[in-house]
Structures are given as structure tokens and as C-alpha cells.
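Residue numbers (full-length UniProt numbering): 1 to 342.
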């Protein structure tokens, strides 16, 4: 009986942390990409119930009002702003990021949750593998444009350090063993076009983890002495609208069969939100050794795949900068260095 319970806990999570453990966030502003559905919506709902100002980013205009209405059913006084943003369109991402910096007074928590699920190969409006473009590159640029606002907030001595949370996955270990992030051809060329749906998704989730560990933590926060934290999390296998993408990836009938087989063993979106909420709000995150780390459950360090290396992290960072500049021009990125004029 105990063995069965252990197996259930491993699948569904038994974290000892719930939405009720989220601290009062009154006066703080949080941003959640993909915040109009699934895990992102549940994260945003809890933030709103904790009295934060919540910015919801999603490419789906029609889902914005629905998300706000859903949250306000349980919290009529919620302070929520919806912002339409296609993370696969780099010019739009840049404009949205700059608009937020202009319009908002502060930003305390940045949650990168939006993403393409396990799906077939496709390209973004910029001609880049859509998994990589939406799940990683759009967030890379958005964080860069929002960094001045995060730093401005970090200088408020009475406030907790801002946090940057990327929703990765244990499926980062399914990225092809040949993954090096060495060129744009590797990302969108023939090899990617022939890659499995799981491989494409896994590669993008690997990018999320590398971006936090060897990018934000090691190239931005530590060398600049920034008063903020960056973490990557795995939400568990969660039953969201992304499971519908199985039908696109594998065909209608096989996709439906797969959906029916896996859904009973998946966490609900509110269960899936707990790792993100813990990383975004728990006092434990300030402990030494937590900076840049990957967690598979609240407070539980995750198992990193063999491709989580410093070399791959450096390659990803350099390639991300190059790909953004190739699309938007040499001035597309703000300096990451705090000494530069913000």
C-alpha cells in the first residue's frame, strides 16, 4: 500500500506546499506569460488572490477577457491587466516589453510559462522553429527589455528581491543528444524539420533550464551583483490544453488515444502551479545555493540531463543574441551589464 502511495506522490506531487502558503503580495507587480490558461492561469489566479497586480501575457486576445473574468469570480477586486503578445514575433515582443517598462512602476516577479507543447515542427513569423522561438527566444528578448524595470524594483530596499522563474520540464532530458545550440541551422534546418515532436519540445525545455542556470544567474545576476533570483522549475505532467496538441503531432486518432491514456495520470493545473508559486514566493529561495537552480517539486532539486552543461549554456546565450539581432538589428538588445545606461 505504501509503495502505491509513493508512486502516486511521485506522479501527482506531495509537496507540503499549497496556494495558501503564498505570502501577501500587496503592492507588488507580477507578470505571467501564458497567463490566460492552464498552469499560467492558476499561477496568476493565486497571485491575484494574494493581492498582487497581475500582468497577463498571451498571444490569444480572445482568452484575455475570459481569464480576467475567471479570476474575478473568486476575487472581484483583483488588479489585472491583459497584454496581447505573440512570443514568436520578436518585434512584437520588443515593443510589448518596452511598453511595460514605460507603463509600470515596478516588476517583482517574472514567470516565463507560455509555450508550445509536444507538437510537430512549425516556424514562427520570423521563420524560426516555433518551439524554440516561443518557449525560449521570445522570453530571452522579453526579459532583456524588462531588465531595467526589474533592476529598478530591486533597488527598493523595503521590498524582497525580484524573481525570474522559467517553467522547464523533466522532458528537457528528451532533447536529441546532438543538441549543441551551435547555429541557427541546427535550430531550424533540415535536422529540426525531421525531429520528433518530443525532441523539439525537449530541446526548448533544455533551453529554458540553460537560460536560467548558465545565462541569467551566471551572466547577469552574479557578475552584476543584482539583488534578484532566477530559478527553473518542472510543474509535473499537467493536464492542460497542450495535450490537445498530441492530435497535431501524431494525427487525430493516435493523438486522441495518447491523450486518453496519459491524462488520468497527470496533475491538475492547480497542482501543476505549485512549483512555480513556490519558486516565485518562498522564503527558502533566498538560501545560499538556490540561485540558478532547477526544481522538480517545491523545495526539491531536480535531476538535470547530461546536456545541461556550461558549454551548451554559453552556446545558447550567444546564439540567442545572434538570432535576435539577425531579425531586429544590432540594437535589438539592451546591455545586460548593470553599469551600462538603462
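Every residue, glycine too, gets a C-beta built ideally from N, C-alpha and C. From a predicted model like this one, the values you see are computed outputs, not experimental measurements.
Tell me whether residue 223 is buried or exposed, calling it buried when 16 or more other Cβ atoms sit within 10 Å of its Cβ.
exposed
CA-CA distance, residue 243 and residue 87?
Unreliable placement is indicated for residue 243, whose pLDDT of 45 sits below 50; the coordinate value is still reported in the next sentence. Straight-line Cα distance between these residues: approximately 20 Å.
Which residue marks the beginning of the beta strand (DSSP E) containing residue 297, and which one marks its end?
294-297 is the extent of the beta strand (DSSP E) around residue 297.
Beta-carbon within less than 8 Å of residue 94's beta-carbon, same chain only, minus the 5 sequence neighbours each way: which residues are those?
141, 145, 328, 332
Sub-7 Å separation of residue 336 and residue 215 beta-carbons:
no
Can you tell me whether residue 271 is buried or exposed? The criterion is at least 16 other CB atoms within 10 Å of its CB, across all chains shown.
buried
Are residue 29 and residue 113 closer than 7 Å when you measure CB to CB?
At the C-beta level, residue 29 and residue 113 stay beyond 7 Å of one another.
What would DSSP say about residue 170, mapped onto helix, strand or coil?
Helix at residue 170.
For the beta strand (DSSP E) containing residue 141, list its first residue and its last residue.
It is not in any beta strand (DSSP E) - residue 141 instead sits in the alpha helix (DSSP H) that spans 138-154.
With a threshold of 7 Å on Cβ separation, who are the neighbours of residue 116 within its own chain once the five nearest residues in sequence on each side are excluded?
Counting only Cβ-Cβ distances below 7 Å, and skipping sequence neighbours, we find 130, 131, 134, 135.
Secondary structure of residue 129, DSSP reduced to three states
strand
Cβ shell of residue 325 (< 8 Å), same chain only, five flanking positions each side left out:
332, 333
Please work out which residues of its chain come closer than 6 Å, Cβ to Cβ, to residue 182, disregarding the five sequence neighbours upstream and downstream, and give them in chain order.
315
Rounded to whole angstroms, what is the Cα-Cα separation between residue 118 and residue 157?
Residue 118 and residue 157 have their C-alpha atoms spaced approximately 42 Å apart.
Can you confirm whether the region 90-110 touches the region 291-311 when touching is taken to mean that 3 or more C-beta pairs between the two stretches lie within less than 8 Å?
Verdict: no, contact absent.
C-alpha gap between residue 82 and residue 96, whole angstroms:
12 Å
On the DSSP bridge list, what partners appear for residue 79?
53
Excluding five sequence neighbours on each side, which residues of the same chain lie with their C-beta closer than 6 Å to the C-beta of residue 52?
Closer than 6 Å at Cβ, skipping near neighbours: 25, 28, 30.
Spatial neighbours of residue 192 within its chain, please: C-beta separation below 6 Å, excluding the five flanking residues on both sides.
129
Range covered by the beta strand (DSSP E) that runs through residue 31
Element bounds for residue 31: 29-33.
In or out: residue 40 buried (at least 16 other Cβ within 10 Å) or exposed?
With a 10 Å radius around the Cβ and a threshold of 16 neighbouring Cβ atoms, residue 40 comes out buried.
Going by the DSSP bridge assignment, what does residue 104 pair with across the sheet?
According to DSSP, which records beta bridges pairwise, residue 104 is partnered with nothing at all.
When you compare the CB positions of residue 162 and residue 150, do they come within less than 7 Å of one another, or not?
Yes, these two residues count as a Cβ contact at 7 Å.
Simplified DSSP state of residue 335, which is helix, strand or coil
coil
Beta-carbon contacts of residue 49 that lie in its chain and below 6 Å, excluding the five residues immediately before and after
75
List the DSSP bridge partners of residue 300.
297
Residue 164 versus 107, 42, 274, residue with shortest Cα-Cα distance
107
Is the Cβ-Cβ distance between residue 279 and residue 233 less than 7 Å?
yes
Pick from 339, 187, 61, 230 that is closest to residue 362, judged by C-alpha positions:
As shown, the chain starts at 1 and ends at 342. That puts residue 362 outside it, with no answer to give.
Let's test the definition: count the other Cβ atoms within 10 Å of the Cβ of residue 322 and tell me whether it reaches 16, buried, or not, exposed.
exposed
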